[in-house]
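Visitor: Let me begin by handing over the structure; questions about it come next.
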Amino acid sequence: MHDDTSRPGAAGRRTFLPKLGGSGSLGGAGGFSLDRRTLLKGAAAGALVAGAGLSGIRPARASGLTIGIVYVGPRDDYGWNQAHAVAAAALKQVPGVTVIEEENVPETIAVSKSMESMIELDGANLIFATSFGYYDPYMLEMAKKFPDVQFRHAAGLWTDAAPKNAGSYFCYLDQAHYVDGIAAGLASKAGKLGFVAAKPIPTVLLNINSFTLGAKSVNPDAKVQVVFTGEWSMPVREAEATNALIDAGAEVITCHVDSPKVVIETAERRGVMTCGHNASQADLAPKGFLTGAEYKWLTIYKEFADILTTGGTLPNFVRGGYDKDYVQNTAYGAASTDLIRAACEQAKAELRAGKVIYQGPMKDNTGKEVIPAGTEHDAYDVWLEQTSFLVDGVVGSTS
Amino acid sequence: MDPSQVATDLGWWSVPLAMFAGAIRVSTPFLFVSLGECLTEKSGRINLGLEGTLVFGAMTGYAVSYMTGSAWTGVLAAGIAGSLFGMLHAALCSLPKVNDIAVGIALMLFGVGLAFFFGKPFIQPTAPRLPSISLGEWSDISQVRVALEINPLFFIGAALAVAMWWAFRNTRAGLIVRTTGDSAAAARALGVSVLGVRFVATTIGGFMAGVGGSFLSLYYPGSWNEGLSSGQGLMAVALVIFARWNPLLCFVAALLFGAAGALGPALQSIGVSQGYHFFNAAPYVLTLLIMIVSSSKVRALRGAPGELSIVK
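Here the protein sequences come in this chain order: A and B.
Under the numbering used here, the residue at position 384 of the first sequence is numbered 384, and the numbers go up by one with no gaps.
Under the numbering used here, the residue at position 171 of the second sequence is numbered 171, and the numbers go up by one with no gaps.
In structure tokens:
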């Protein structure tokens, strides 16, 4: 019955999703996005009636590649989802590639239905599931059900036991936080930095540690005060945490929460400098923005699109940092001096060349040695993914 | 950076100061929603939909402020939107055999969903914010100056709490609302339209909740996004029971809640970071403790209006 859904209808439906603008600046007060699936149902029913006399005519599938992207939150959240959406918007410009998106899809059976409708109704050949909880069991089940469709998930969860048409991709954002740390360390006078963090899990701890190591590389006395809010998105508590850090003397604030908008805006209002996270927040802080740690999903998405349009096989497991152009730092804000810019550019060049951030001897903030002298853990070392400590220089604890 | 912004090292003193500042910054939405709910419940009806009204008010306030360029117009629009939700609740509950709690839950989901639907284009833009009144110019300490940047809505809410407390005791309107809430039969005997009084009380309650929402999006934290409320409307409804249906105690409870919410981040910012989950839960722990301490073995809900469906 899905085959009776004619393509003109499908093309019309998609216009309900607001078009994303270019880099960073999205939307504005433009159209609303209706629930896509509801529309599809209605349109499918309409097409069924209209197409009754034409049954037997198969719809012409788009000859190129159709990529479906599912987001857990709004695409314009100044954070995680926006980082993906910016890449999706750029991907739409690639000839022969059609991109379909659905936002605010919860990590429930709803995501299975979204993926299924993208495949059945829109003919998607490649699905990007961008939220952690989409993987097991939803994406795995869909991968078994549709062996001809490729599924990729934005976290490092794929193993050999999972279906071969599934996979993982991830970027080492902590390298960009390291560059942020250099900017913050040089910008502060007393070396007092603040970090608003969601939860003490390895990814977050790694970003805090890399930020701290970056700051200490240019200012050995730098201290990073961390406040855990305990939730991925809790705007009032994030604002309170930012105010508390500034009251305690922090000169630069950065964060790892889903949407850094509140943190950056609150700090800007208090006249304190900021470093971003996930996507570009530069326009939220016209005075105090230094730089920010950003994902560059576009590199991976383009690589995948190229492989599939040329008939190649997608890798199952993809990860990288500055070396593969998978992460980037936001264009420097007004608070970045020439000195800061030069130091950051040098750090980026070193990271591109494979500089290892985690080198022994290294102590955690309780004085315990975590990396002995002579040992190093490069970006691809799984040891880093099990980070459960805060490095020397961080004020805070993981429990 | 502006040298006047450089923070003075306050050490442990920063914790009570942060709690004081947090009480003023965070309490206003709690205050408005709980005062609105207090009025509605005094008339004998529960409106659990105020979480939805709060979120919709936050969205409307932000959207109107962005489109008109005037934050105060946004506040007014949020109030009007809230009163429409209140009217809808009151109208549905005026029908025979309709349960006010069920309608409230439905309206909570409806309000939140509608706010997300219409709010999508307003996540990115920056709208004009409400101004604040600086009362801390006398101080050399930047933290104190920031703590004393107070939004006019806070003072309006405080004045409203006193006015409502006074009006419930001393005015004819207050008496009518209380009578309607305590005994519908008595109110009817007095020739009062029970449904009419409840309609007005729920509408005004919705107005206040809408204004509370606009404070969230237009002042603190000061931007619209979908996680903005995180349950504050529901907590405010609980605060009314906690405050024993007394507007003055609603004010105190809102302040306590704000202060307790600031405790977790403030302790971490001076380096006390063990057990931050516990400190972040302080507002809820506090509520439980006070409820336990103030509960009576003799009478279940002291001060509760007799007509409330949870009491009957």
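Think of the CB as a built atom: it goes at the ideal place given N, C-alpha and C, for glycine as much as any other residue.
What ranges does the alpha helix (DSSP H) occupy inside the region 90 to 114 of chain B, keeping only unbroken runs of at least 4 residues that lie completely in it?
Guide: The qualifying runs do not exist here; there are none.
Visitor: Give me, in chain order, the residues of the same chain whose beta-carbon lies closer than 7 Å to that of Ile123/B; leave out the 5 immediate sequence neighbours on both sides.
Guide: Closer than 7 Å at Cβ, skipping near neighbours: Trp224, Asn225.
Visitor: Could you give the distance in angstroms between the alpha-carbon of Ser23/A and the alpha-carbon of Ile100/A?
Guide: Here the model assigns Ser23/A a pLDDT of 37, short of 50, so the residue's position is not dependable, and the following value carries that caveat. Near 18 Å, if we compare the C-alpha coordinates of Ile100/A and Ser23/A.
Visitor: In three-state DSSP terms, what is Gly51/A?
Guide: With a pLDDT of 42 at Gly51/A, under the threshold of 50, the predicted position of this residue should be treated as unreliable, though the coordinate-derived value follows. DSSP places Gly51/A in helix when its eight states are reduced to three.
Visitor: At 8 Å on the CB atoms, spell out the chain A contacts of Val64/B, in chain order.
Guide: Per Cβ cutoff of 8 Å: no residues; Val64/B is ~12 Å from chain A at best.
Visitor: Is Pro16/B close to chain A? Criterion is C-beta to C-beta, closer than 9 Å.
Guide: Not closer than 9 Å to any Cβ of chain A, the Cβ of Pro16/B fails to qualify, so no.
Visitor: For a cutoff of 9 Å on Cβ pairs, would you count Tyr370/B as touching chain A?
Guide: Residue 370/B falls outside the range modelled here, since chain B spans only 1 to 312, and no answer is possible.
Visitor: Output the distance between the C-alpha atoms of Phe197/B and Gly113/B, rounded to the nearest integer angstrom.
Guide: For the record, residue 197/B in the displayed sequence is Val; it is not Phe. Taking the straight line joining both Cα atoms gives about 29 Å.
Visitor: Which residue's Cα is closest to the Cα of Ser131/A: Glu116/A, Val149/A, Thr108/A?
Guide: The shortest C-alpha separation from Ser131/A is found at Thr108/A.
Visitor: Counting Cβ pairs closer than 8 Å, one from the region 113 to 133 of chain A and one from the region 151 to 166 of chain A, do we hit at least three?
Guide: Yes, since at least three Cβ pairs between the region 113 to 133 of chain A and the region 151 to 166 of chain A fall closer than 8 Å, the two stretches touch.
Visitor: Does the separation of the CB atoms of Tyr236/A and Ser230/B fall below 9 Å?
Guide: The identity of residue 236/A in the sequence shown is Val, whereas the question assumes Tyr. Going by C-beta atoms, Val236/A is nearer than 9 Å to Ser230/B.
Visitor: Pairs of beta-carbons, one from the region 391 to 398 of chain A and one from the region 212 to 226 of chain A, closer than 8 Å: are there three or more?
Guide: In short, these stretches touch, since the Cβ pair count reaches three.
Visitor: Could you check the C-alpha separation between Ala81/B and Val237/B for me, to the nearest Å?
Guide: Approximately 19 Å between the Cα atoms of the pair.
Visitor: Can you find a CB in chain A that lies within less than 9 Å of the CB of Ile270/B?
Guide: Yes, its Cβ sits closer than 9 Å to a Cβ of chain A.
Visitor: Taking the alpha-carbon positions, what's the Ser142/B to Asp247/A distance?
Guide: Approximately 8 Å, taken between the alpha carbons.
Visitor: If the criterion is Cβ atoms closer than 9 Å, does the pair Leu228/B and Ser217/B meet it?
Guide: Against a cut-off of 9 Å, the Cβ pair of Ser217/B and Leu228/B comes out as a contact.
Visitor: Kindly say whether Ala235/A, judged by its beta-carbon, lies nearer than 9 Å to any beta-carbon of chain B.
Guide: Checking the sequence shown, residue 235/A turns out to be Pro, not Ala. Chain B, which has a Cβ nearer than 9 Å to the Cβ of Pro235/A, makes this yes.
Visitor: Quick check on this structure: which residue in Met118/A, Trp158/A, Tyr169/A, Glu102/A has the alpha carbon closest to the alpha carbon of Val318/A?
Guide: Of the candidates Met118/A, Trp158/A, Tyr169/A, Glu102/A, the one whose C-alpha sits nearest the C-alpha of Val318/A is Tyr169/A.
Visitor: Between the C-alpha atoms of Pro131/B and Pro152/B, what's the straight-line distance to the nearest angstrom?
Guide: So the two alpha carbons sit approximately 8 Å from each other.
Visitor: Residues of chain B with CB closer than 7 Å to the CB of Val105/A, please, in chain order.
Guide: What Val105/A touches in chain B: nothing, since even the nearest Cβ is about 13 Å away.
Visitor: Hey, Thr180/B and Ala201/B: beta-carbon distance below 9 Å or not?
Guide: The answer is yes: Cβ separation under 9 Å.
Visitor: Can you give me, in chain order, the residues of the region 241 to 268 of chain B that have a beta carbon less than 7 Å from any beta carbon in chain A?
Guide: Those residues of the region 241 to 268 of chain B that come within reach of chain A (Cβ to Cβ, closer than 7 Å) are Gly261, Ala262, Pro265, Ala266, Gln268.
Visitor: Does the contact criterion of 3 or more C-beta pairs under 8 Å hold for the region 18 to 26 of chain B versus the region 64 to 77 of chain B?
Guide: Too few Cβ pairs lie closer than 8 Å, so no.
Visitor: Ile371/A bridges to which residues according to DSSP?
Guide: DSSP, once it has assigned bridges, lists Met362/A as partnering Ile371/A.
Visitor: Run down chain A in chain order and give the residues with a C-beta less than 8 Å from the C-beta of Ile105/B.
Guide: Chain A residues near Ile105/B: none, gap ~19 Å exceeds 8 Å.
Visitor: Our contact map puts Gly316/B next to Val103/B with C-beta atoms below 8 Å; I'd like the distance itself, whole angstroms only.
Guide: Missing from the structure shown is residue 316/B; chain B here goes from 1 to 312 and no further.
Visitor: Report yes if the C-beta distance between Asp180/A and Gly271/A is below 9 Å; otherwise report no.
Guide: No; because the gap between Cβ atoms is not below 9 Å, this pair is not in contact.
Visitor: Report the rounded CA-to-CA distance for Thr266/A versus Ala239/A, giving the unit in angstroms.
Guide: The alpha-carbon atoms of Thr266/A and Ala239/A are separated by roughly 6 Å.
Visitor: In terms of residues, what are the limits of the beta strand (DSSP E) holding Tyr169/A?
Guide: Its beta strand (DSSP E) spans residues 166 to 171.
Visitor: Skipping 5 residues on each side, what residues in its chain have a beta carbon closer than 8 Å to that of Val252/B?
Guide: Excluding residues within five positions, the ones whose Cβ falls inside 8 Å are Ala243.
Visitor: What residue does the alpha helix (DSSP H) around Ile307/A start on, and which one ends it?
Guide: Element bounds for Ile307/A: 297 to 309.
Visitor: If you run the structure through DSSP and keep just helix, strand and coil, what is Gly79/B?
Guide: Three-state DSSP puts Gly79/B in a helix.
Visitor: Please list, in chain order, the chain A residues whose beta carbon lies closer than 7 Å to that of Ile313/B.
Guide: Because residue 313/B is not part of the residues shown, which for chain B are 1 to 312, the question remains open.
Visitor: Sort Tyr332/A, Leu205/A, Lys363/A, Lys189/A by Cα distance to Ala373/A and report the nearest one.
Guide: Among Tyr332/A, Leu205/A, Lys363/A, Lys189/A, the Cα nearest to that of Ala373/A is on Lys363/A.
Visitor: Note down, one range per segment and in chain order, each beta strand (DSSP E) of at least 3 residues found wholly within the region 197 to 222 of chain A.
Guide: Here no run is fully enclosed.
Visitor: Spell out the partners DSSP gives Met273/A in its beta bridges.
Guide: Val252/A.
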